[in-house]
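*Asks:*
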Amino acid sequence: MRVAVLGAGPSGSAMAALMAWRGHDVTLWSPRGGGTRHLGHELMTRGVLAGAWRIRVAADLWRAAEVAEAILIALPPAAQPSILQRLASALVGTPDILFAPAGGLAPALLHQFATARGFVPRLGALAVPPALAARGADGVVEVMALRPRLWVGGLPPGATHDLVTLTERLFGLPAVPIGDILAAGLAEPGALVEAARILAPPGVAHAVGRLLLGLAAERDAVGKAMGRHDLPGIAALVSEQGGLPAERRPLAETGGGLAFLEAMARASRTPVPLVSSALQVLETAAGESFSPHPVLAALEPAPLARLLGAAG
1 MRVAVLGAGP
11 SGSAMAALMA
21 WRGHDVTLWS
31 PRGGGTRHLG
41 HELMTRGVLA
51 GAWRIRVAAD
61 LWRAAEVAEA
71 ILIALPPAAQ
81 PSILQRLASA
91 LVGTPDILFA
101 PAGGLAPALL
111 HQFATARGFV
121 PRLGALAVPP
131 ALAARGADGV
141 VEVMALRPRL
151 WVGGLPPGAT
161 HDLVTLTERL
171 FGLPAVPIGD
181 ILAAGLAEPG
191 ALVEAARILA
201 PPGVAHAVGR
211 LLLGLAAERD
221 AVGKAMGRHD
231 LPGIAALVSE
241 QGGLPAERRP
251 LAETGGGLAF
261 LEAMARASRT
271 PVPLVSSALQ
281 VLETAAGESF
291 SPHPVLAALE
301 PAPLARLLGA
311 AG
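Final position of the sequence shown in our numbering is 312; the numbers increase by one with none missing.
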């Protein structure tokens, strides 16, 4: 397939390499050019997926999107509102679009922009990306682990089955339907993992694991209150990638992920004292607010209310 990957960080680059290894025609685009500046026509990786993979580098978003049959979006949530609005204007036809990871309700925001132009592509989200990766000091992407399975949610929910098939075709990994994009957004573990790593007291055995399980229990309670009973367990999400990621998550992304979960807790009237306390501590330490989540702030009230209403 002709696939465009938007976002050339370690995760996006690892996905591009994995799809190129599988024989797909991959184009990589970086919003600022930092992730592609050192590339010619090859993307170098080492680790469990080692090699030099032939890819194209797009000079701009329009060139990346214009011939793609499928688009993978691996962008931080703060960048998504402006880039997704540009992407909606750049789309040609109706390519299938997957967010990896979900970025809260980012697929719903792209749906909002696309429907304003009169077309609706199939949109989906992965709870986790297929590879655990980091970029070395030499610019080479180190792929530490490939997941044994992926979880996929679609928009509308009826699209999930087709997007599961697409995911398996792109990555060669088994994919499990998770229902819809809200389930995928709730399941995304990155903010909980990083919050536990930041806040667990040093020198206390198993402190990170205990705090992570406590935060995940509150996430599960929100999911159940919103009718999402099939969220993958936090233990599976972490252990299946080989443990905690080596690369640390930016503080703004961690805070934004906690803000998203707290917003879903308010919508479902579910108490999340650990999540709220973690968010407050990080905001105090950073001297800035991470609420509202940038995607939630950009969503119009009516589609957001419909989505949350459908969640019960």
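Glycine included, every Cβ here is placed at the ideal spot set by N, Cα and C. All of these numbers come straight from a predicted model, not from anything done at the bench.
Quick check: the Cα distance between Gly312 and Val238, rounded to an integer number of angstroms?
*Replies:* Low local confidence applies: a pLDDT of 49 at Gly312 is under 50, so the model's placement there is unreliable, with the coordinate-based value given in what follows. Their backbone Cα atoms lie some 28 Å apart in a straight line.
*Asks:* Closest to Leu75 by C-alpha separation, out of Val67, Ala68, Leu61 and Glu66, would be which residue?
*Replies:* Out of Val67, Ala68, Leu61 and Glu66, Leu61 has the C-alpha closest to the C-alpha of Leu75.
*Asks:* How far does the alpha helix (DSSP H) with Ile83 in it reach, from first residue to last?
*Replies:* Ile83 -> alpha helix (DSSP H) spans Gln80 to Ala90.
*Asks:* Can you find the residues in the same chain that come closer than 7 Å, C-beta to C-beta, to Phe119, ignoring five residues on each side of it along the sequence?
*Replies:* Thr94, listed in sequence order.
*Asks:* Pull up the CB-CB distance for Pro129 and Ser11, whole angstroms please, since I reckon it's below 8 Å.
*Replies:* Contact holds; Cβ gap of about 5 Å.
*Asks:* Mind the definition here: the segment 189–202 touches the segment 232–249 only if three or more C-beta pairs lie below 8 Å; say whether that holds.
*Replies:* Contact between the segment 189–202 and the segment 232–249 is present, because at least three Cβ pairs lie under 8 Å.
*Asks:* Find the nearest neighbour of Ala133 within the set Leu91, Val208, Val3 and Pro245, judged by alpha-carbon distance.
*Replies:* If we check each option's Cα against that of Ala133, Pro245 comes out closest.
*Asks:* Rank Arg32, Leu87 and Val57 by C-alpha distance to the C-alpha of Glu42 and give the top, closest one.
*Replies:* Among Arg32, Leu87 and Val57, the Cα nearest to that of Glu42 belongs to Val57.
*Asks:* Taking the straight line between their C-alpha atoms, what separation do you get for Val176 and Val67?
*Replies:* Answer to the nearest angstrom: the Cα atoms are 28 Å apart.
*Asks:* Please list, in chain order, all residues of the same chain as Gln112 whose beta carbon is under 7 Å from its beta carbon, the five residues on each side excluded.
*Replies:* So the qualifying residues of the chain are Leu299, Glu300 and Pro303.
*Asks:* Report the residue from Arg2, Pro31, Leu199 and Glu283 whose alpha carbon sits nearest the alpha carbon of Gly23.
*Replies:* Per the Cα distances, Arg2.
*Asks:* So what does DSSP say about Asp220, is it helix, strand or coil?
*Replies:* In the structure shown, Asp220 sits in a helix (DSSP, three-state: H, G or I).
*Asks:* Can you tell me which of Val152, Leu215 and Ala216 puts its alpha carbon nearest to the alpha carbon of Asp180?
*Replies:* Taking only the C-alpha atoms, the option nearest Asp180 is Val152.
*Asks:* What residue range is occupied by the uninterrupted alpha helix (DSSP H) comprising Leu279?
*Replies:* Per DSSP, Leu279 belongs to the alpha helix (DSSP H) from Pro273 to Ala286.
*Asks:* Identify which residue in Gly203, Pro121, His161 and Pro189 has its Cα closest to the Cα of Asp96.
*Replies:* Ranking Gly203, Pro121, His161 and Pro189 by Cα distance to Asp96 puts Pro121 first.
*Asks:* Just curious, the beta strand (DSSP E) that Ala64 is in, first and last residue?
*Replies:* Premise fails: Ala64 lies in the alpha helix (DSSP H), Leu61 to Ala65, not in any beta strand (DSSP E).
*Asks:* Whole alpha helix (DSSP H) runs in the segment 142–173 with 4 or more residues, listed along the chain?
*Replies:* Counting only runs of 4 or more, we get 160–171.
*Asks:* Nearest to Ala64 by CA position, among Ala286, Trp53, Gly209 and Pro31, is which residue?
*Replies:* It is Pro31.
*Asks:* In chain order, what are the residue ranges of uninterrupted alpha helix (DSSP H) at least 4 long that sit wholly in the segment 229–261?
*Replies:* If we require 4 residues or more, the alpha helix (DSSP H) runs fully inside the segment 229–261 come out as 234–239.
*Asks:* Quick one: what's Arg54 bridged to in DSSP?
*Replies:* Arg54 pairs with Glu42.
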